[in-house]
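Q:
Protein chains in written order, with full-length UniProt numbering: chain A, 1 to 479; chain B, 1 to 421.
#1: Between residue 385 (chain A) and chain B, is there a C-beta pair that is closer than 9 Å?
#2: Which of helix, strand or coil does DSSP assign to residue 313 (chain A)?
#3: Quick check: what's the CA-CA separation for residue 347 (chain B) versus residue 117 (chain B)?
#4: Grab me the residues of residue 361 (chain A)'s own chain with a C-beta within less than 8 Å of its C-beta, minus the 5 sequence neighbours each way, in chain order.
#5: For residue 347 (chain A) and residue 374 (chain A), what's the separation of their Cα atoms in angstroms?
#6: Between residue 120 (chain B) and chain A, is the shortest Cβ-Cβ distance under 9 Å, so that the two count as touching?
#7: Which stretch, first to last residue, makes up the beta strand (DSSP E) that contains residue 212 (chain B)?
#8: Using only the heavy atoms of the ligand SAH, determine whether one of them is closer than 8 Å to the beta carbon of residue 318 (chain B).
#9: Under DSSP, the beta strand (DSSP E) around residue 225 (chain B) begins and ends at which residues?
#10: At 4 residues or longer, what runs of the alpha helix (DSSP H) sit wholly inside the stretch 130-204 of chain B?
#11: Report the residue ranges of all beta strand (DSSP E) runs contained in full by the stretch 144-177 of chain A; include only those spanning at least 3 residues, in chain order.
#12: Who are the neighbours of residue 461 (chain A) on chain B, taking C-beta pairs under 7 Å?
#13: Identify the continuous alpha helix (DSSP H) that holds residue 402 (chain B) and give its terminal residues.
#14: Can you name the residues of chain A whose CB is closer than 9 Å to the CB of residue 26 (chain B)?
#15: For residue 292 (chain B), write down the residues that DSSP places opposite it in a beta bridge.
#16: Which bits of chain A does residue 145 (chain B) rub up against, with CB to CB less than 8 Å?
#17: How about residue 397 (chain A): is its C-beta nearer than 9 Å to some C-beta of chain B?
#18: Determine the chain A residues that contact residue 104 (chain B) at a beta-carbon separation under 8 Å, and present them in chain order.
#19: Using the rule of at least 16 other Cβ atoms within 10 Å of the residue's Cβ for burial, across every protein chain shown, is residue 17 (chain B) buried or exposed?
#20: By DSSP's criteria, residue 386 (chain A) is part of a beta bridge. Which residues make up the other side?
#21: Anyone know if the C-beta pair for residue 20 (chain B) and residue 313 (chain B) falls short of 9 Å?
#22: Just checking, does the stretch 108-125 of chain B make contact with the stretch 256-270 of chain A on the three C-beta pairs under 8 Å criterion?
#23: Under three-state DSSP, which class holds residue 64 (chain B)?
#24: Just to confirm, is the Cβ distance from residue 418 (chain B) to residue 390 (chain B) under 9 Å?
#25: In chain B, which residues lie less than 8 Å from residue 440 (chain A) when you measure between Cβ atoms?
#26: Answer yes if the stretch 319-338 of chain B comes into contact with the stretch 158-165 of chain B, meaning at least three C-beta pairs across the two stretches below 8 Å, and no otherwise.
#27: Counting along the chain, where does the alpha helix (DSSP H) carrying residue 11 (chain A) start and finish?
#28: When the Cα of residue 363 (chain B) is compared with those of B:342, B:381, B:67 and B:400, which residue comes out closest?
#29: Check whether the stretch 10-17 of chain A and the stretch 336-350 of chain A are in contact - that is, three or more C-beta pairs closer than 8 Å.
#30: Is the Cβ of residue 282 (chain A) closer than 9 Å to any Cβ of chain B?
#31: At a CB distance below 7 Å, what residues from the stretch 202-222 of chain B approach chain A? Give them in sequence order.
#32: Just confirm the distance between the C-beta atoms of residue 154 (chain B) and residue 471 (chain A), as a whole number of angstroms; I'd bet it's less than 8 Å.
#33: What's the gap between the Cα of residue 383 (chain A) and the Cα of residue 100 (chain B)?
#34: When DSSP builds the beta bridges, which residues end up paired with residue 371 (chain B)?
#35: Under 9 Å, CB to CB, which of the residues in the stretch 146-167 of chain A have a partner in chain B?
#36: Can you find a C-beta in chain A that's less than 9 Å from the C-beta of residue 99 (chain B)?
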């Protein structure tokens, strides 16, 4: 019997896990995919929003501003990339300028610091590639960018290092209320737990509705993105939003924390909770809309496109609470944007709720710090030479686009919650994430995975499950 | 710091031929830096034949062709380092490289030849919508898996793009027992060599659908199928022409891009059409003493031309190192590509430094039948050569003679174009 089972190893689930590990608790995260950060957390704008956007008085607004404040320290504690690059909301017509002022007022009420309206000229000083249509800009210096993979992985690794278990490829099929706690029926057998934290992203309604008559409805709201090569990464230095639209914050143009340029997303409500296929219309819309706020985006430099699903609840609000009708069942649901920004605060809030339910004691042995995968590029030449002398694998470049060494890839596999697939390696090290999109390095990374995990090359996958990369040996099928 | 006369970045066909040529022209200290575990570059995975008809007057496989040059390089006792990645090159020709044994090390070179080759365009560059499952490979990655590692990436294959690697892989996968259902090409003509269409598709009954592209990719984990559609003249899919093909593999052969991240890092001037460096008659980049040849300069159709070009680069690097270049750079002639000609290599000529003969290579932008390659010296047409067929997939060339250029007083521009009559 666990004290707590967290359903979902996305950024929310991992943030809750990490905060809970500050207490003496027997906790476990169950995840249907083969790795952490496989759903909404892996495909989003990678933005730490300033917090002017969410409706004043909402939980979203409160946790966004708090999460934004917490992110910097957290990034140091857990060693993941975060940069406060500042955000801009651009406006194209004088008659819309009032909306900018309204947004600023809302932000001030939310407690966002440093907001100001810039004239076109002032804005161009900061961001010379703003389009000719831009008339005025709301500037939010606290806006930031983060690596969503490394944030989630860091939270998970730190939780694990402090005693939280992780069960992957474990899909919860049913939840049954028992005298004390709950019984989870999974594809890997039964699990009992006193408390359940429902951090299941787009599936959070499914689990909520298993234990509650007050139904919840989450619609996956799909967003298509295009990622551009690093050679386009300095096209803007701030995150440039257009004015919010009915379905979201509109299309943005932003540098990523790794130096690429990201444009997107669209906002299309769909039924399919696994519907992460991009569409022609979506990608065209991204290209068109991004060009409206920022000029001359070199779209020929797109290296990949992808779609993510926001877990949009009908009431457009975060639900972080113990259900009155199902004691011991804690929702962390409706976590759509600004969910990534809010994650550190969501973790604290949910952990507090669980602490009160179970009357948890402090974990005196809690280790707050986690060290990420060593990036040799951050070392001096001398340090790098010394590193290679000690471990020659750091002298062997595997991914030539991102200049990732064999040493880093081995580290990513051997870590506590290590990579098990090409995508797992990619999210942890960036090997395969560059301009050739793993054309050169995938056969070599596959070999390293097979060697380090002592498995057959045939069983190496792109992202777990049935995503096998090769289907046989040559000469097998020749008749 | 290590000192070398000539550092060659890349040990593929271009690097090998450049090294041999430089040594034959008297350069002593030469070092080839190769990132892979053996010399030969991408030729090592090109196990089909058809290489070397021009150079050796016989048909060789890729590894055999590379082998000939590797032998020469070894006989000439030219130094090389394998598994070695060049990390950075500075304007004053300090090369920073890295490998397992020596760690990070620096080399001061008198001259450098860039011969890094090219990479394949990825799915992202085409912005093909759909899911992102396993089973979508660039043709070259699949070629490596099959020919070098001995693995089959899939059994039911659709190929997008009729570049040569895609065509070769259509045949290769078929020979290994896979079913290649169709090759789709966005353009109304193939991007590959005519002989490859005949030998790799026609001979195996594999249909080639021109003016078609992939409009959707199906399958969340492993590829389940793709949807093809016909495209209009502007390359936009035509509604109602969609056709679904079940398959577990999609190979992309949609173009090659010279791999010039190092060149850009040095600050070399680049040519947007080729994505390679701008070079003069000596194949010298905008930085004196740094030369480029092979697919890093512009994508070639035949390796024989790569070798030929590399030989020239090696010889010119040798003259530079030995300070034997003709003096003077007074008379500069621009080469202008227009009307059907997409680019020329080189882009300009320093007449004083030009050899007696110069080969100018270029590609055309469309399919031309019974048309003429025309060369104008300033306003005057000096060459008018009829060709039955010209296509973007095949490289064209013209030869210029130094004496003729000298005779033409104050020649400023040489224009190369395609004329119908």
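All C-beta atoms, glycine included, are put in the ideal place defined by N, C-alpha and C.
This structure is a prediction, so every number in the text was calculated from the model and none was measured.
A: Concretely, from the data shown:
#1: Here residue 385 (chain A) refers to the residue found at position 385 when the first chain is read from its first residue. So yes, residue 385 (chain A) belongs to the interface.
#2: Taking the first chain and counting its residues from 1, the one referred to as residue 313 (chain A) is at position 313. Strand, per DSSP.
#3: As a working mapping, residue 347 (chain B) is identified with position 347 in the second chain. As a working mapping, residue 117 (chain B) is identified with position 117 in the second chain. When rounded, the distance between both Cα atoms is 19 Å.
#4: Residue mapping note: residue 361 (chain A) aligns to position 361 of the first chain, counting from 1. 23 and 24.
#5: By 1-based counting over the first chain, the position of residue 347 (chain A) is 347. By 1-based counting over the first chain, the position of residue 374 (chain A) is 374. The alpha-carbon atoms of residue 347 (chain A) and residue 374 (chain A) are separated by roughly 26 Å.
#6: Start at 1 with the first residue of the second chain, and residue 120 (chain B) comes out as number 120. It does; some Cβ of chain A falls within 9 Å.
#7: Counting from 1 along the second chain, the entry for residue 212 (chain B) is found at position 212. That run of the beta strand (DSSP E) goes 212-218.
#8: Absence of the ligand SAH from the depicted structure is noted, as is the absence of any ligand whatsoever, leaving it without description.
#9: As a working mapping, residue 225 (chain B) is identified with position 225 in the second chain. It spans 225-230 - the beta strand (DSSP E) in which residue 225 (chain B) sits, taken as one unbroken run.
#10: 139-144 and 164-175
#11: 144-146, 165-167 and 172-177
#12: Position 461 of the first chain, counting from 1, holds the residue named residue 461 (chain A). Per Cβ cutoff of 7 Å: 134.
#13: Here the question's residue 402 (chain B) lines up with position 402 in the second chain. Its alpha helix (DSSP H) spans residues 402-407.
#14: Residue 26 (chain B) sits at position 26 when you count from the first residue of the second chain. Within chain A, no residue comes near residue 26 (chain B); the closest Cβ sits about 33 Å away, beyond 9 Å.
#15: Indexing the second chain from 1 puts residue 292 (chain B) at position 292. Partner(s): B:114.
#16: The residue given as residue 145 (chain B) occupies position 145 in the second chain. Result: 443 and 470.
#17: On the first chain, residue 397 (chain A) is found 397 positions in, with the first residue counted as 1. It does; some Cβ of chain B falls within 9 Å.
#18: Taking the second chain and counting its residues from 1, the one referred to as residue 104 (chain B) is at position 104. Correct list: 381, 384, 385, 388 and 395.
#19: Taking the first residue of the second chain as position 1, residue 17 (chain B) is located at position 17. Burial call: buried.
#20: Walking along the first chain from the start, residue 386 (chain A) turns up at place 386. Per DSSP, none; premise fails for residue 386 (chain A).
#21: Start at 1 with the first residue of the second chain, and residue 20 (chain B) comes out as number 20. Start at 1 with the first residue of the second chain, and residue 313 (chain B) comes out as number 313. Going by C-beta atoms, residue 20 (chain B) is not nearer than 9 Å to residue 313 (chain B).
#22: no
#23: Taking the second chain and counting its residues from 1, one reaches residue 64 (chain B) at position 64. Helix.
#24: Translated into positions along the second chain, residue 418 (chain B) becomes position 418. Translated into positions along the second chain, residue 390 (chain B) becomes position 390. Yes. Within cutoff.
#25: Here residue 440 (chain A) refers to the residue found at position 440 of the first chain. Here the neighbours are 119 and 141.
#26: no
#27: The residue labelled residue 11 (chain A) in the question sits at position 11 within the first chain. 11-20 is the span of the alpha helix (DSSP H), which, as asked, contains residue 11 (chain A).
#28: For the purposes of this step, residue 363 (chain B) is taken as the residue at position 363 of the second chain. Residue 363 (chain B) has its Cα closest to that of B:342, out of B:342, B:381, B:67 and B:400.
#29: yes
#30: Working through the first chain from its first residue, we reach residue 282 (chain A) at position 282. For residue 282 (chain A), the answer is yes, since a Cβ of chain B falls inside 9 Å of its Cβ.
#31: 215, 220, 221 and 222
#32: As a first step, residue 154 (chain B) must be located in the second chain, where it is residue number 154. As a first step, residue 471 (chain A) must be located in the first chain, where it is residue number 471. Right, the Cβ-Cβ distance comes to about 5 Å (below 8 Å), so this counts as a contact.
#33: In the first chain, residue 383 (chain A) corresponds to position 383, counting from 1. In the second chain, residue 100 (chain B) corresponds to position 100, counting from 1. Straight-line Cα distance between these residues: approximately 15 Å.
#34: For the purposes of this step, residue 371 (chain B) is taken as the residue at position 371 of the second chain. Residue 371 (chain B) is bridged to B:387.
#35: none
#36: Position 99 of the second chain, counting from 1, holds the residue named residue 99 (chain B). True, the Cβ-Cβ gap to chain A drops below 9 Å.
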